[in-house]
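Enquirer: As you go down the protein sequences, you meet chains H and V in turn.
Numbering of the first sequence is given in the working numbering, commencing with residue 1 and proceeding in unit increments.
Numbering of the second sequence is given in the working numbering, commencing with residue 1001 and proceeding in unit increments.
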Amino acid sequence: MTEKLVIIGNGMAPGRMLEHLLEKAPGRYQVTIFNAEPRVNYDRIMLSPVLSGEKAYEEIIIHGDGWYIANNITLYKGHKIVAIDREAKTITSDHGVTEPYDKLVIATGSVPFIIPVPGHNLPGVLTYRDLDDVRAMMLAAQSRAKAVVIGGGLLGLEAAAGLNAQGMDVTVLHVMPTLMERQLDPAAGYLLQRAVEQRGIKVITKANTQAITGNGKVEQVELADGTIIPATLVVMAVGIRPNAAIAKEAGIAVNRGIVVDAGMRSNDPDIYALGECAEVNGQVYGLVAPLYEMARVTASQLAGDEAAAFIHSDTPTKLKVTGIELFSLGDFAEGDDRQEIVLRDASAGVYKRLVLKDDRIIGTVLYGETADGAWFNDLKKKQTDISEMRDTLIFGQSYQGGAPLDPMAAVAALPDDAEICGCNGVCKGKITGAITAKGLTSLDDVRAHTKASASCGSCTGLVEKLMVLTIGDKYNPAAVQPMCGCTTLGHDEVRRLIKAKSLKTIPAVMQELEWTTSCGCAKCRPALNYYLVCDWPDDYADDYQSRFINERVHANIQKDGTYSVVPRMWGGVTNAAELRAIADVVDKFEIPMVKVTGGQRIDMLGIRKEDLPAVWADLGQAGFVSGHAYAKGLRTVKTCVGSDWCRFGTQDSTGFGVRIEKFMWGSWTPAKVKMAVSGCPRNCAEATCKDVGVICVDSGYEIHFAGAAGLDIKGTEVLGLVKTEDEALEHIVALTQMYREQGRYLERIYKWAKRVGIPEIKRQIMDDGEKRKAYYDRFVFSQKFAQVDPWSERVSGKDKHEFRPMAWVGFAQAAE
Amino acid sequence: MNWVSIGSISDIPRRGARCVATPEGKIAVFRTADDQVYAIDDHCPHKGGPLSQGIVHGTAVTCPLHNWVISLETGKALGADEGAVRTIPVRVEGEHLFIALEALASRAA
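1. Cα separation between valine 566 of chain H and histidine 801 of chain H?
2. Do valine 134 of chain H and valine 50 of chain H have their C-beta atoms closer together than 9 Å?
3. In angstroms with no decimal places, state the Cα-to-Cα distance between glycine 433 of chain H and tryptophan 375 of chain H.
4. Hey, could you find the ends of the alpha helix (DSSP H) aspartate 777 of chain H is sitting in?
5. From H:Ala278, H:Ala410 and H:Ala527, pick the residue whose C-alpha is nearest to that of proline 14 of chain H; which is it?
6. Counting contacts by CB-CB distance shorter than 9 Å, is isoleucine 1070 of chain V in contact with chain H?
7. Interface residues of chain V around cysteine 519 of chain H at Cβ under 7 Å?
8. When you compare only the Cα positions, how much space is there between leucine 75 of chain H and asparagine 35 of chain H?
9. Please return the same chain residues whose Cβ sits closer than 7 Å to the Cβ of glycine 429 of chain H, not counting the five positions on each side in sequence.
10. Provide the residue span of the alpha helix (DSSP H) that contains tryptophan 67 of chain H, from first to last.
11. Measuring CA to CA, which of H:His120, H:Phe781, H:Gly620 and H:Asp372 is closest to glutamate 325 of chain H?
12. Since arginine 353 of chain H contacts glutamate 340 of chain H with CB under 8 Å, what's their CB separation in whole angstroms?
13. Just list the alpha helix (DSSP H) runs in the stretch 236-318 of chain H, keeping only unbroken ones of 4 residues or longer that don't cross its boundaries, in chain order.
14. Are there 16 or more other CB atoms within 10 angstroms of the CB of serine 1106 of chain V, so buried, or fewer, so exposed?
15. Which chain H residues are close to threonine 1062 of chain V, counting only those with a beta carbon under 8 Å from its beta carbon?
16. Buried or exposed: where does serine 300 of chain H fall if 16 or more other Cβ atoms within 10 Å of its Cβ makes it buried?
17. May I have a chain-ordered list of the beta strand (DSSP E) segments no shorter than 3 residues that lie completely inside the stretch 675-746 of chain H?
18. Is there a Cβ of chain H sitting closer than 9 Å to that of lysine 1047 of chain V, yes or no?
19. Of the residues H:Cys680, H:Thr505, H:Gly349 and H:Gly363, which one's Cα is nearest the Cα of leucine 192 of chain H?
20. Check whether the Cβ atoms of threonine 227 of chain H and lysine 202 of chain H sit closer than 9 Å, and answer yes or no.
21. Would you mind sorting arginine 547 of chain H into buried or exposed? The rule is 16 or more other CB atoms within 10 Å of its CB.
22. Which runs of the alpha helix (DSSP H) spanning at least 4 residues fall entirely within the stretch 486-546 of chain H, listed in chain order?
23. Pairing CB atoms from the stretch 541-560 of chain H with CB atoms from the stretch 569-586 of chain H, are three or more of them under 8 Å?
24. In this structure, does DSSP put tryptophan 1003 of chain V in helix, strand or coil?
25. Would you kindly work out how many angstroms separate the C-alpha atoms of threonine 108 of chain H and histidine 20 of chain H, rounded to a whole number?
26. Say yes only if the C-beta of valine 284 of chain H is nearer than 8 Å to one or more non-hydrogen atoms of the ligand ADP, and no if none qualify.
27. Just curious, the alpha helix (DSSP H) that arginine 447 of chain H is in, first and last residue?
28. Can you pull the chain H residues whose beta carbon is under 9 Å from the beta carbon of arginine 1018 of chain V, in chain order?
29. Please return the same chain residues whose Cβ sits closer than 6 Å to the Cβ of serine 792 of chain H, not counting the five positions on each side in sequence.
30. Applying a beta-carbon distance threshold of less than 9 Å, which residues of chain H neighbour proline 1089 of chain V?
31. Taking only runs of the alpha helix (DSSP H) that begin and end inside the stretch 1028-1109 of chain V, which ones reach a length of at least 4 residues, in chain order?
32. Note down the Cα distance separating proline 404 of chain H from alanine 410 of chain H, rounded to an integer number of angstroms.
33. DSSP three-state call for glutamate 222 of chain H: helix, strand or coil?
34. Enumerate in chain order the residues of its own chain whose CB-to-CB distance from glycine 153 of chain H is below 6 Å, with the five nearest sequence positions on each side excluded.
35. Going along the chain, which residues of its own chain have a beta-carbon closer than 6 Å to the beta-carbon of cysteine 459 of chain H, five neighbours each way excluded?
36. In or out: serine 1001 of chain V buried (at least 16 other Cβ within 10 Å) or exposed?
Okay, here's the thing in C-alpha cells:
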C-alpha cells in the first residue's frame, strides 16, 4: 500500500528531494504539497537576475505545473499550514484543508529578519525573499525614485544592483565597516565597494539605522548620526532566520531551527525537516549546496536507506551581479598560527588572498578574477599539502609545474572528484561520466542529467570545457552557439564586432573575424547581409547573392520551382479596381491558384519565374507594390474595421493599421514581422498573437508584442498604454528598431524578447524617452534607403538576368 | 566532344547561377567567387528543387527548398545527405563558356 507523504513548503530543497525520491522509490508514496506561495517551484537563486531584468520568471521555473501532474503530486498553492496534529497525524491549512500523513516533511524555509526600528511596518518597506518581493520592487522601481537597501551582504547588494538596473537611485546602508564582511576580508570588501559605487550606487558603511519615517508611507530613513536619506522604497536585507514556528507549536524540538539528526529526522520519527528551517549538528544553512545535500539525505531516508547522513562542507560564496567577480570560501580571519599569501593588481582590480594553516589552505578570497576558485576549493577540501608550490600557488593552477597551461588543460588536470558545481555538489567525474554514458552533447542535456550548472550558472564555463574535453567537436555549445560552421563566434558577438570594428562588407567581416571558410555558407551569409543592412543603412551595398532566393527575386518559391506573388493591400483594404486588376493578371498569365492569405491579402500561386517581371508590371499599373510576403521584414498589418463602421470600435483601427504599414513597409528585420490593430478589446484582428499588436481602447492604444501563432503559440505581452496614435506609432517603431538591432537572424520577436527580458524592453521603450526617440530616429533614417518598391525596380530592368535562361540549347528551332 | 556555346562568363553573377534551357530540362551553370564555372542539372536529388536558385558558397550550392548542400565539382550531396546530380563538362575560353552537348544527347538516349 502506498504511504502518504505530505510536504509543507515547495521551495528548492523539497523540490530536489522529490526528484531524488521519485528516482529512488517511484510509486512508494502518494505525495501532497502545501505551498504558502501561490506558485510552483522556482529557482530562488535567480531572483536577482529577474530583478535586474536579465531573466523572466518563466525562465527560472524548476518544476512547471505539468511536472506535478506527470508525477501524480497534489500541489496546494497558496495554502499556509496552521496546525500539525501529531496525535492524529494530520495537518491543516488556512483554507481549512486537513490532510492525513504517514510521513511529514517540514520545509518552511526562512523568514527575512526585520530590524524592529520605528517605521519598519510602513508601506514601502519590503524584504527580499520571494517573487512577490521582486515584483513589488520592480513596481516600485517604475517611479525611478530613491531606494534604500539596508544590509550590505550578498542579498542586499544583489537587490541594490537590481534596483539600480531598474533605474532607481539606490543607497546601501551597512552597519559594518566593510561590505560582505562575513565572506570578504576588508581589502576585498573595499574593492567591492568601489565597484558597486562605480555603478552609481551609494554606499554608507557603519550606518546605524534609527528610524524609517513618513506620512502614511516611506519618505526617509534616519541614521543614528543624524543623517537623513530620502527614499520611497526601503528594502531590508539584513539576514534570515529559520521559519520553525509551526514545528514549535506542534511540540517538535526547535533550537535555532528545527532540530534534526544526520538523517534529517526530528524528534518525532515520522517528521523530517530540511532546508533553511532545519538545524543539523547545531548548524543552520542558507546556501543552496548544503540544502541540496539535505534533500539527497532526506530522499534516501524516505526511500528506506537509514544509513544516509548529512555531512557538513564549506560552500564557496559568489555574488550574482553581472560584471563583479567574487569568490569566497572558508575561514580567512588572521591568527598567529596562520599565514597568508596575497596578490594585488591594482590596475586590473584584482585581489587574491589565501589563508594557510600547517601548509594547507583553509580560506580563500578572490576578487576580480575567480577562475582558480574551483582549484583552491579542491586543494582545501582535500587538505593538500601545498608547501612544494607555495611560491607560485597564488598565481593559480596554470602556473604550477613549469610552463603555463591553457585554461582547457587546467580543467583537464582537475581530479575526478573536484567539485565543479557548488550549488548542486556535482564533481567532475560525475559530469564526464554522464556525458560518456548517456551520449550528452549539449549543455542543456548535462543540466538535465547531472544538475551541474543548473542553478546559479556560474560554473557554466567549466562544464562547457569538460564537454569539449570529453567529446571534442561533438559538443554543441548552447551558451554561445556559433552562427554556423564557418566561425566560432555567436550571433551576438558578430553583431557587436560589426559595430565595434566598423565592418561594412561581408568580406571585411569574414577577414577581420577570421572566418574559416573563404566565402561563408548559406547560414551565415544571409545573416551577415542582414546585420550589415541594418547597421549601415546608408553605406552598405546589399549583397543579393547572399540573400535567400525569395528575397533575391521578391517572390515565394514553391515546391515545384514556380513562385507565388502577394501584392500589398494596405491594412487589408482593397477596392474594385484592384480586384479587377488582379483578376486580369490571373487570366492573362493563367495563374492556377488564387488564395486569400491569413494576413488579409491575395496570393497568386504557380507563376513561372520568367513571367514574374511581366506580372509585376501589370500589377504595378494598378498601383500595387510588393507585399514582401517573402521577406524577413515587415509583412502585413491586419486590421478590423474600427470606429468607422463597427458599433464597438473605439478608435480608427483600419486607418492606424494602414498608417503603420505605410510607415514601416520595406524595412528588413531579423525574421518576419506581422502586426495587427484591433479597434476594441473584442480583438477581431487577433492582435494578441502577433509580433506586434495594438488593442484600441477608449483611453488610447494598448501596445502588445512578442506573440506567436506558428510553431509556438503564445499570447502577447503588454508593452504599455499610450494616449495618441502618434505616440503609439513612435513606440511601435522604436520597439521594432530595438529588435532589428538586437535580434539574431531568424529569431522572431517573441524569442528575442524572452532572451533579453520583457522588463528590459519595457524600460527602454516605455520609460526611457531618449532611448525611444533614438531608436525611432534610426529607423526613420534607415527607411530612406529601404522604401523602394522592388517590383517596379525589376520591371525597369534591374537584375533581369535573374528571370531568363542564359541560353537555349538542343532545341531544333533554336539552331537557327 | 561537341562543345556548345552558352554565352559569356559575365552573364553570370559571381557566387550565382544562370540556367540553360534544354529539351530535357534546365542545366544550372554556376560561377564561384573566384570565377570557376560549373554546370549541373538544375534538379536537387532530394525533391527536385531548382539548384540554380540556391546560395553559392565555395564550390557548393545550398538548395533553396530544403537546404541540401550539393558539391558543384562532383554533383554529390555533402554532409549527412546522400544523393547526386549529373555534372556537365564546362570549357572556358577567355570570356566564352561552352558545355559538352554529347552529355546531353547521352542522357536523352
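Here a beta-carbon is modelled for each residue, glycine too, at the ideal position from N, C-alpha and C.
Expert: Quick look at the numbers:
1. For this step, residue 566 of chain H is matched to residue 566 along the first sequence. For this step, residue 801 of chain H is matched to residue 801 along the first sequence. Cα to Cα, the separation comes out at about 22 Å.
2. The residue you call residue 134 of chain H lines up with position 134 of the first sequence. The residue you call residue 50 of chain H lines up with position 50 of the first sequence. Contact: yes.
3. In the first sequence, counting from the first residue as 1, residue 433 of chain H sits at position 433. In the first sequence, counting from the first residue as 1, residue 375 of chain H sits at position 375. Approximately 20 Å, taken between the alpha carbons.
4. The residue given as residue 777 of chain H occupies position 777 in the first sequence. Here the alpha helix (DSSP H) through aspartate 777 of chain H covers 769-786.
5. Residue mapping note: residue 14 of chain H aligns to position 14 of the first sequence, counting from 1. Nearest of H:Ala278, H:Ala410 and H:Ala527 to proline 14 of chain H, Cα basis: H:Ala278.
6. Mapped onto the second sequence, residue 1070 of chain V falls at position 70. So no, isoleucine 1070 of chain V is outside the interface.
7. In the first sequence, the residue the question calls residue 519 of chain H occupies position 519. Going along chain V in sequence order, the residues near cysteine 519 of chain H (Cβ under 7 Å) are Arg1015, Ala1033, His1057 and Gly1058.
8. Locating residue 75 of chain H in the first sequence gives position 75, where the first residue counts as 1. Locating residue 35 of chain H in the first sequence gives position 35, where the first residue counts as 1. Each residue's alpha carbon lies about 7 Å from the other.
9. Position 429 of the first sequence, counting from 1, holds the residue named residue 429 of chain H. Closer than 7 Å at the Cβ level, and outside the excluded window around glycine 429 of chain H, lie Asp416 and Asp417.
10. As a position in the first sequence, residue 67 of chain H is number 67, starting the count at 1. 65-70 is the span of the alpha helix (DSSP H), which, as asked, contains tryptophan 67 of chain H.
11. Locating residue 325 of chain H in the first sequence gives position 325, counting from the first residue. The candidate whose alpha carbon is nearest that of glutamate 325 of chain H is H:Asp372.
12. Reading the first sequence from its first residue, position 353 is the one you call residue 353 of chain H. Reading the first sequence from its first residue, position 340 is the one you call residue 340 of chain H. That belief holds up - the Cβ atoms of arginine 353 of chain H and glutamate 340 of chain H are roughly 6 Å apart, short of 8 Å.
13. 245-249 and 288-302
14. Along the second sequence, one-based indexing puts residue 1106 of chain V at 106. Because serine 1106 of chain V sits at a pLDDT of 49, beneath the cut-off of 50, its placement in the model cannot be relied upon, and the following sentence gives the value as read from the coordinates. Result: exposed.
15. The sequence position of residue 1062 of chain V within the second sequence is 62, counting from 1. Those within 8 Å of threonine 1062 of chain V in chain H are Cys521 and Ala522.
16. Residue numbering aside, residue 300 of chain H sits at position 300 when the first sequence is read from its first letter. Serine 300 of chain H should be labelled buried.
17. 692-697, 700-705 and 717-722
18. Position 47 of the second sequence, counting from 1, holds the residue named residue 1047 of chain V. Judged by the 9 Å Cβ criterion, lysine 1047 of chain V is in contact with chain H.
19. By 1-based counting over the first sequence, the position of residue 192 of chain H is 192. Ranking the options by Cα distance to leucine 192 of chain H, first place goes to H:Gly349.
20. Taking the first sequence and counting its residues from 1, the one referred to as residue 227 of chain H is at position 227. Taking the first sequence and counting its residues from 1, the one referred to as residue 202 of chain H is at position 202. Not a contact, by the Cβ cut-off of 9 Å.
21. Numbered from its first residue, the first sequence carries residue 547 of chain H at position 547. By the 10 Å Cβ count, arginine 547 of chain H comes out buried.
22. 491-500, 506-512 and 524-535
23. no
24. Numbered from its first residue, the second sequence carries residue 1003 of chain V at position 3. In this structure, tryptophan 1003 of chain V counts as strand in the three-state DSSP scheme.
25. Indexing the first sequence from 1 puts residue 108 of chain H at position 108. Indexing the first sequence from 1 puts residue 20 of chain H at position 20. Spanning the two alpha carbons is a distance of roughly 19 Å.
26. Among the components modelled here there is no ligand, and therefore nothing to report on the ligand ADP.
27. In the first sequence, counting from the first residue as 1, residue 447 of chain H sits at position 447. Element bounds for arginine 447 of chain H: 443-450.
28. Taking the second sequence and counting its residues from 1, one reaches residue 1018 of chain V at position 18. Ordered by position in chain H, the residues that pass the 9 Å Cβ test against arginine 1018 of chain V are His801, Glu802, Arg804, Pro805, Met806 and Ala807.
29. Taking the first sequence and counting its residues from 1, the one referred to as residue 792 of chain H is at position 792. Same-chain partners within the cutoff: Gly620.
30. Stepping through the second sequence from its first residue, residue 1089 of chain V is reached at position 89. Those within 9 Å of proline 1089 of chain V in chain H number zero; the least Cβ separation is about 14 Å.
31. 1101-1108
32. In the first sequence, the residue the question calls residue 404 of chain H occupies position 404. In the first sequence, the residue the question calls residue 410 of chain H occupies position 410. Only weak support exists for where proline 404 of chain H lies, its pLDDT of 46 falling under 50; the value from the coordinates is given anyway. About 9 Å.
33. For the purposes of this step, residue 222 of chain H is taken as the residue at position 222 of the first sequence. Looking at glutamate 222 of chain H - three-state DSSP - the assignment turns out to be strand.
34. One-based indexing of the first sequence puts residue 153 of chain H at position 153. Correct list, in chain order: Met180.
35. Against the first sequence, residue 459 of chain H aligns to sequence position 459. Taken in chain order, the residues that qualify are Ile420, Cys421 and Ser453.
36. Taking the second sequence and counting its residues from 1, one reaches residue 1001 of chain V at position 1. Here residue 1001 of chain V is methionine; the residue named in the question, serine, does not match the sequence. It is exposed - the Cβ of methionine 1001 of chain V has fewer than 16 other Cβ atoms within 10 Å.
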